[in-house]
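This report refers to the structure that appears directly beneath it.
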Amino acid sequence: MLNHVRRRWAVTIAVAGSLSAGLLAAGGCSQGDSPSGRVRQALHVTGEAATLDVAEQLLERDCLEKQGFRFWVVPKAPARRSFPYVVDDIAWARKHGYGSRLRADLEKAGSADPNRTYFGSLPPDRRAALAAALNGPRPTGLRATLPSGIEVSHSDQGCTAEAERRLYRDLPAWFRATRVTDNLGGARAAMVVQDERYREAATRWKHCMRGKGYAFKTPAQSAESALRPSRGFTHEQEIRLAVTEAGCAHGSDLSRVAASLDREYGARLRERYSKEVGDLARLRREALPRARAVIARG
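Going by mature numbering (1 follows the signal peptide of the UniProt record, and there is no 0), the letters in the sequence shown line up with residues -25 to -1, 1 to 273, in that order.
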């Protein structure tokens, strides 16, 4: 799938963060309520990423149905606003704090995911069979080395592998490209926070926060404190802390420094992994006509 962190039925066998609205159940429909039409309406399939994701889910659905299982095409959750280094959007912080309510809404929607409900309704032996049917019997056949140096593998069998092979043709290249590029963000962030320029700005941020009455060494600590259930922060307290953090992010220049370093290290990583970045763009581009044909069939 496009987002390989979102492995269906992997570990907890759930689609984390998926939405429950506009779900597609397998089965016959009239022309006006066809699977293709409902998928388009639910996911607004106009963008490249959405088109590829929907097509892959439809192929997975068809593959699983042939083996006696059910599968629902689920709209992908909108991307959450991300602050990898420090909350620096004062207007956003004033409205959402650190996003605890947004996170709760996503978790609530994920708990209503029909694939999760269906999996939970199966006896243990059928759960194991379903996981194997989707992900393959064992994690062998596909390998990739992440930017961290860790080697990962996955089965080249199963419905996910079959769907990706039909869409992207070169499954090993797709696996390597997605696994590497999916991890570039984490690698980039690690490089940024280890840079002395970031550390100096973070120290200024810490002093700014202390002057406002908050004794946090890093932005990560302030966010963790606000979101930790045991601290019992009210939403108003969460917002107050996040707004203070954002103000200090600008006052200390941490926001600008982090953004500059993020661009700098991002460019280095894209150059270092130019083959994987290029392969990903090419494979997605070549898969689009096939994906559109899959969606048209429904």
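C-beta atoms are modelled at their ideal positions from N, C-alpha and C, and glycine is treated no differently. On a predicted model such as this, the values are computed, not experimentally measured, just so you know.
Contact defined as beta carbons within less than 8 Å: I believe residue i pairs with residue j. What is the distance between those atoms, to the nearest angstrom?
i	j	result
alanine 266	leucine 142	6 Å
aspartate 237	arginine 174	Wrong, their Cβ atoms sit about 15 Å apart, outside the cutoff.
threonine 219	methionine 184	7 Å
valine 49	asparagine 90	7 Å
cysteine 223	lysine 187	7 Å
glutamate 126	arginine 118	6 Å
In this structure, how does DSSP classify residue i when only helix, strand and coil are distinguished?
i	result
leucine 117	strand
valine 48	strand
serine 227	coil
serine 128	strand
lysine 250	helix
arginine 86	For the record, residue 86 in the displayed sequence is serine; it is not arginine. Of the three classes helix, strand and coil, the one that applies to serine 86 here is helix, per DSSP.
proline 98	coil
tyrosine 143	helix
proline 204	helix
arginine -19	A caution first: arginine -19 carries a pLDDT of 43, below 50, which makes its placement in the model too unreliable to give a value.
aspartate 157	helix
alanine 221	helix
glycine 241	helix
valine 42	Before going on, a small fix: residue 42 reads as glutamine here, not valine. Glutamine 42 falls in the coil class under three-state DSSP.
serine 197	helix
serine 57	coil
proline 264	helix
aspartate 64	coil
threonine 26	helix
serine 11	Bear in mind that a pLDDT of 45 at serine 11, under 50, signals an unreliable position, so the number given afterwards is only what the model happens to contain. In this structure, serine 11 counts as helix in the three-state DSSP scheme.
threonine 92	helix
glycine 123	Note that residue 123 is serine in the sequence shown, not glycine. Coil at serine 123, not helix or strand.
threonine 209	coil
Would you kindly check if the distance between the Cβ of residue j and the Cβ of residue i is under 9 Å?
i	j	result
alanine 198	alanine 233	no
serine 130	alanine 136	yes
leucine 39	leucine 109	yes
tyrosine 248	leucine 105	no
aspartate 170	tyrosine 240	yes
aspartate 64	alanine 221	yes
arginine 140	glutamate 261	no
glutamine 132	glycine 111	yes
arginine 45	tyrosine 93	yes
valine 252	arginine 243	no
leucine 202	serine 96	no
alanine 25	lysine 41	no
tryptophan 67	arginine 55	no
leucine 27	leucine 263	yes
The ligand NAP and residue i: does the residue's C-beta get closer than 8 Å to at least one heavy atom of that ligand?
i	result
leucine 34	Only the bare structure without any ligand can be found here, which leaves the ligand NAP out of the picture.
Is it the case that the region 29 to 36 contacts the region 182 to 192, given that we only count it when at least three CB pairs across the two stretches are under 8 Å? Cβ pair count under 8 Å is below three, so no.
For the 8 Å Cβ check, are there 3 or more pairs between the region 80 to 94 and the region 227 to 235? By the Cβ criterion, the region 80 to 94 is not in contact with the region 227 to 235, since fewer than three pairs of Cβ atoms, one from each stretch, lie closer than 8 Å.
Is the region 239 to 257 in contact with the region 150 to 159, if contact means three or more CB pairs nearer than 8 Å? A contact exists between the region 239 to 257 and the region 150 to 159.
Is it the case that the region 64 to 76 contacts the region 210 to 223, given that we only count it when at least three CB pairs across the two stretches are under 8 Å? Yes, the region 210 to 223 is in contact with the region 64 to 76.
Runs of alpha helix (DSSP H) lying entirely within the region 159 to 193, each at least 4 residues, in chain order: For the region 159 to 193, whole alpha helix (DSSP H) runs of length 4 or above, ordered along the chain, are 159 to 169 and 171 to 186.
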